[in-house]
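> Residue numbers (this note's numbering): 29 to 133.
For each residue, glycine too, the CB sits at the ideal point set by N, CA and C.
Quick one: structure below, then a few questions.
What follows is the structure, encoded as structure tokens:
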């Protein structure tokens, strides 16, 4: 699913669940990917960003209003899986690099 193997540790698909666990799931994520063809608001994107997680989202529906391209995430024009994979790999690689540069508490 990513252009560069090893750029993210694990890819997990989560079923619907209890809302009280969402924040923990978002914080554990490197990057949520939303390749939606339509999305009226972008609630998942907003929730992830509230937890400080960048979002990869299709430039569709309400997602461009929820994700500021290059600031709070990446908007991917079109629906080519390869484009989403490249964006995901780029963000994961940058996130891993940033984590390595963070001082140890």
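Can you give me the start and stop residues for the beta strand (DSSP E) that residue 99 sits inside?
Counting along the chain, residue 99 falls outside any beta strand (DSSP E), and DSSP gives it neither H nor E.
> Per DSSP, residue 84 forms a beta bridge with which residues?
Residue 84 pairs with 61 and 102.
> Are residue 89 and residue 65 closer than 9 Å when you measure CB to CB?
In contact: residue 89 and residue 65 (Cβ atoms closer than 9 Å).
> In three-state DSSP terms, what is residue 112?
Residue 112 falls in the helix class under three-state DSSP.
> Looking at the unbroken alpha helix (DSSP H) that takes in residue 71, where does it start and where does it end?
First-last of the alpha helix (DSSP H) with residue 71: 71-78.
> In chain order, what residues of the same chain lie with their CB nearer than 8 Å to the CB of residue 104, ignoring the 5 residues before and after it?
Closer than 8 Å at Cβ, skipping near neighbours: 63, 84, 85, 86, 87, 111, 112 and 115.
> If residue 73 and residue 91 are in contact, beta carbons under 8 Å, what's the gap, nearest whole angstrom?
With a Cβ gap of about 6 Å, residue 73 and residue 91 count as contacting.
> Name the residue from 82, 107 and 117 whose alpha carbon lies nearest to the alpha carbon of residue 101.
Nearest C-alpha to residue 101: 82.
> Could you check how far apart the C-beta atoms of residue 51 and residue 79 are, in whole angstroms? I think they sit under 8 Å.
Sure, about 6 Å apart at Cβ, within 8 Å.
> Tell me which residues share the same chain as residue 94 and place their Cβ nearer than 6 Å to its Cβ, disregarding the 5 neighbours each side in the sequence.
Once the five neighbours on either side are set aside, the close Cβ partners of residue 94 are 70, 73 and 74.
> Helix, strand or coil for residue 118 per DSSP?
Three-state result, residue 118: helix.
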